[in-house]
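Quick notes on the structure that follows.
Residue numbers (our numbering): 3 to 578.
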């Protein structure tokens with residue numbers, strides 16, 4: 003399209019514009035009731051304002067008016083000698099006015115009278131601009147005048163006109179139109195500006211159906227089934243492609259724009275007839291925890307559940323979530339309307355985090371000294387333990403009846419699990435040992451006894467009574483139904499009753515510093531045993547017949563014993 007201007011000058015007028023800067027000047031004294039403003043009546047034509055030499059006539063003179071906003075002035079004096087509310091300037095420059103009331107209060111203000119511009123016969127500033135030249139839209143025009151006193155007369159080439167500075171016009175059909183703007187004013191201006199304006203038809207409307215129904219799968223909407231060239235697409239979803247996929251009920255609008263910037267719109271109503279289901283977002287849960295099951299809602303429909311892509315036997319609306327096994331699981335659901343055949347689907351990913359379940363039994367029995375509890379019999383790694391006893395090891399030993407709890411914590415998943423075990427003590431009561439005569443010890447238990455000397459089991463000594471033939475530390479343990487009791491407290495026994503002086507047994511020296519000599523008349527020296535008062539046997543060496551070396555033994559009291567002729571001979575020795 004070729005744009006052109008026609009500049010029409012019926013008369014060559016030199017227009018001089020007086021200053022508008024006088025508008026808005028106000029004067030106000032802080033404690034004075036007077037308030038004034040200076041305004042100009044209008045823009046002055048060149049003929050209305052004299053040149054600096056002041057050759058204008060009084061009847062054709064530009065004037066400035068004084069407006070009294072408040073107060074009652076009695077004296078008005080202008081700096082050029084004028085009085086009253088009207089100033090008739092005779093030259094360019096600054097003029098000042100002073101207004102005084104009866105109290106002597108006065109205010110002053112100034113106005114700068116100057117030419118607005120130099121007269122220009124070409125009127126190069128005048129012009130026309132326009133936007134929105136697409137058919138079906140109101141074209142907007144803007145006129146650029148030569149002065150604020152200009153008058154506008156538009157002609158749009160379709161029989162319509164306007165006198166607004168910035169009019170709009172609705173063209174009934176596409177095509178080329180000559181639009182003209184005539185500018186006139188009282189100072190003699192009369193000029194016309196003409197522009198050729200092309201009104202362009204928009205592209206065809208987007209090829210969207212008025213309504214579309216979602217029944218099974220998402221729908222594809224095509225903005226231009228004709229595949230017209232050089233078309234830009236913009237959807238209400240923000241997409242800019244020719245096609246979009248819609249999977250929910252909505253109002254969808256497509257706007258097609260051609261290379262001229264003209265556009266057309268169409269809207270499609272997407273109706274969703276599918277059953278609405280939502281299994282929610284994926285979650286992570288700890289193994290063995292209790293979780294609210296999935297619910298399909300939508301009563302009266304048919305339901306199909308899949309777990310990790312495998313069809314489930316469940317055809318109800320409720321699907322439980324299995325947390326007994328750790329791992330990643332996908333639950334998906336298809337709900338079908340038996341009347342319309344429309345169906346909807348949803349899925350959710352469930353991550354079951356490993357939880358270390360304690361391996362302790364519900365009950366345990368103490369049958370010997372203690373029972374061992376193991377919180378992780380499978381040896382699963384990275385597990386922390388917390389027992390109610392305060393211990394943090396994998397295993398603990400319990401030696402009395404108690405209700406024990408333990409918590410296993412997986413350090414990676416952060417999941418934990420607790421369990422309790424009731425420990426029962428099935429052992430017989432702890433026996434006691436008493437001396438019933440000079441050479442006999444007795445257990446408090448009438449059955450299941452086993453005697454010990456210096457913590458060593460005495461073979462075949464299982465009766466309630468024990469005949470003592472040696473000094474030492476004695477204890478007894480009882481067993482019932484396969485469970486052994488705690489050993490009794492030790493009983494220290496020392497034999498003293500068989501010292502037979504008639505055999506002339508005399509260890510000497512006694513006390514001794516290291517060596518002891520035995521003198522036995524007419525008897526071979528028997529096997530000798532030396533023990534401390536607890537029954538512990540002491541090592542010694544026999545230097546020669548009858549001479550015993552105790553240098554390695556610590557100081558203390560010892561019992562020396564041996565048998566002669568079936569008698570047990572016992573002597574006490576003091577080692578210094």
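C-beta atoms are modelled at their ideal positions from N, C-alpha and C, and glycine is treated no differently.
Being a predicted model, the structure only gives us computed values, none of them experimental.
From the DSSP output, read off the bridge partner residues of residue i.
i: residue 386; result: 411
i: residue 321; result: 296
i: residue 364; result: According to DSSP, residue 364 bridges with nothing at all.
i: residue 565; result: 570
i: residue 181; result: 197
i: residue 191; result: According to DSSP, residue 191 bridges with nothing at all.
i: residue 539; result: 533
i: residue 404; result: 425
i: residue 586; result: The chain is shown only over 3 to 578; residue 586 falls outside these bounds and no answer can be derived.
i: residue 288; result: 355
i: residue 447; result: Answer by DSSP bridge pairing: none, since residue 447 is not bridged.
i: residue 544; result: 550
i: residue 333; result: 309, 350
i: residue 457; result: Residue 457 pairs with nothing; no bridge assigned.
i: residue 141; result: 171
Please identify the residue among the options whose C-alpha is closest to the C-alpha of residue i.
i: residue 79; options: 73, 69, 99; result: 99
i: residue 402; options: 382, 372, 253; result: 372
i: residue 471; options: 181, 553, 443; result: 443
i: residue 277; options: 213, 342, 223, 329; result: 342
i: residue 492; options: 510, 557, 436, 324; result: 436
i: residue 297; options: 385, 282, 95, 287; result: 282
i: residue 414; options: 69, 162, 534, 356; result: 356
i: residue 354; options: 348, 400, 287; result: 287
i: residue 177; options: 247, 186, 160, 170; result: 160
i: residue 575; options: 539, 518, 529, 538; result: 518
i: residue 449; options: 478, 247, 422; result: 478
i: residue 259; options: 249, 235, 247; result: 235
Determine the contact status of residue i and residue j, defining contact as a CB-CB distance below 8 Å.
i: residue 360; j: residue 420; result: yes
i: residue 38; j: residue 113; result: no
i: residue 595; j: residue 481; result: Coverage of the chain is limited to positions 3 through 578, which leaves residue 595 absent and any answer about it impossible.
i: residue 202; j: residue 135; result: yes
i: residue 174; j: residue 182; result: no
i: residue 285; j: residue 346; result: no
i: residue 555; j: residue 577; result: yes
i: residue 251; j: residue 224; result: no
i: residue 441; j: residue 476; result: no
i: residue 385; j: residue 358; result: yes
i: residue 551; j: residue 564; result: no
i: residue 204; j: residue 138; result: yes
i: residue 400; j: residue 428; result: no
i: residue 430; j: residue 456; result: no
Does at least one heavy atom of the ligand MN sit under 7 Å from the Cβ of residue i?
i: residue 240; result: With respect to the ligand MN, the structure shown offers nothing to examine, as it has no ligands at all.
Give me the Cα-Cα distance between residue i and residue j, rounded to the nearest whole angstrom.
i: residue 544; j: residue 536; result: 23 Å
i: residue 128; j: residue 168; result: 13 Å
i: residue 89; j: residue 108; result: 18 Å
i: residue 25; j: residue 40; result: Since pLDDT at residue 25 reaches only 30, below the 50 mark, its modelled position is unreliable, and no value is offered.
i: residue 331; j: residue 226; result: 43 Å
i: residue 559; j: residue 379; result: 53 Å
i: residue 180; j: residue 164; result: 14 Å
i: residue 289; j: residue 383; result: 16 Å
i: residue 483; j: residue 412; result: 40 Å
i: residue 12; j: residue 192; result: Low per-residue confidence applies at residue 12: pLDDT is 29, beneath 50, and the placement is therefore not dependable enough to give any value.
i: residue 59; j: residue 91; result: Because residue 59 sits at a pLDDT of 46, beneath the cut-off of 50, its placement in the model cannot be relied upon, and the point is left open.
i: residue 318; j: residue 398; result: 48 Å
i: residue 324; j: residue 425; result: 32 Å
i: residue 474; j: residue 418; result: 54 Å
i: residue 515; j: residue 366; result: 57 Å
i: residue 351; j: residue 333; result: 6 Å
i: residue 299; j: residue 363; result: 42 Å
i: residue 141; j: residue 147; result: 20 Å
i: residue 572; j: residue 464; result: 27 Å
i: residue 156; j: residue 184; result: 7 Å
i: residue 316; j: residue 219; result: 24 Å
i: residue 312; j: residue 488; result: 59 Å
i: residue 197; j: residue 188; result: 25 Å
i: residue 370; j: residue 534; result: 31 Å
i: residue 120; j: residue 263; result: Its pLDDT being 38, under 50, residue 120 is placed unreliably in this model, and the value from its coordinates should be taken loosely. The straight-line gap from Cα to Cα measures roughly 41 Å.
i: residue 67; j: residue 97; result: 12 Å
i: residue 172; j: residue 245; result: 33 Å
The region 403 to 420 contacting the region 386 to 393, beta-carbon criterion three pairs below 8 Å: yes
Three-pair Cβ contact test at 8 Å for the region 239 to 247 versus the region 298 to 316: no
Inter-stretch contact at 8 Å, needing at least 3 Cβ pairs: the region 208 to 225 / the region 261 to 271: yes
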